[in-house]
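Asker:
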Amino acid sequence: MPRVMGSLAIVGVMVGLMIGRLTTPEPVELQQVEVVDGALVAWFNDEPKLHGEVIEGSVALLFDAEGRAQKGQFKLDGKDVNWRVRLSDKGLLLTLVAARPLRGDWTGSEVGDRWRLEVRLQEQ
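Quick note: the sequence shown, position 22, residue 22 per the working numbering, numbers continuous.
#1: Quick check on P25: buried or exposed, where buried means 16 or more other Cβ atoms within 10 Å of its Cβ?
#2: Report the residue from R86, G91, E123 whose alpha carbon sits nearest the alpha carbon of P27.
#3: Buried or exposed: where does P2 fall if 16 or more other Cβ atoms within 10 Å of its Cβ makes it buried?
#4: Restricting to Cα atoms, I'd like to know which of L22, V85, I19, F44 is closest to R116.
#5: My understanding is that E34 touches A65, with C-beta atoms under 8 Å, so please give their C-beta distance in whole angstroms.
#6: Can you tell me whether DSSP reads A9 as helix, strand or coil?
#7: Thinking C-beta only, is V97 closer than 9 Å to L61?
#8: Based on Cα-Cα distance, which residue from E110, L17, A9 lies nearest to V41?
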């Protein structure tokens, strides 16, 4: 009888683990970053949790997502803007920095089966 109860307990735990694995949502992932018409566009596989701030003239966005570190540069009114995606302990951190103070507005929308976040910048 103890062997039967032990076997049933093991089977129950294994079935519970399989059900838990099947119902766990897929992690949000940054798929690509591109520059479109002076704006930065980030593509995700799903909508990420987002916290954004303008800090001392730079724009910082923190995503609860996974992805790889990357960086680049684009022109805003003929002047350079540097962007960088870094891994942090709370997710991905996107920073946009220029030689002059910036303001930023960001909007997200679902496009097909992906999430598109567009960051538009202006000089302060």
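For glycine and all other residues, C-beta sits at the position ideal for the given N, C-alpha and C.
Answerer: If we stick to the structure as given:
#1: Taking the first residue of the sequence shown as position 1, residue 25 is located at position 25. Label assigned to P25: exposed.
#2: Along the sequence shown, read from residue 1 onward, the residue named residue 27 stands at position 27. Comparing Cα-Cα distances from P27 to each of R86, G91, E123, the minimum goes to G91.
#3: To locate residue 2, count along the sequence shown from 1; it is residue 2. Here P2 is exposed: its Cβ has fewer than 16 other Cβ atoms, across all protein chains shown, within 10 Å.
#4: For the purposes of this step, residue 116 is taken as the residue at position 116 of the sequence shown. Among L22, V85, I19, F44, the Cα nearest to that of R116 belongs to F44.
#5: By 1-based counting over the sequence shown, the position of residue 34 is 34. By 1-based counting over the sequence shown, the position of residue 65 is 65. Approximately 16 Å separates the beta-carbon atoms of E34 and A65; this is outside 8 Å, ruling out the contact.
#6: Indexing the sequence shown from 1 puts residue 9 at position 9. A9 falls in the helix class under three-state DSSP.
#7: As a working mapping, residue 61 is identified with position 61 in the sequence shown. As a working mapping, residue 97 is identified with position 97 in the sequence shown. No, these two residues do not count as a Cβ contact at 9 Å.
#8: By one-based count along the sequence shown, residue 41 stands at place 41. When only C-alpha atoms are compared, the closest one is E110.
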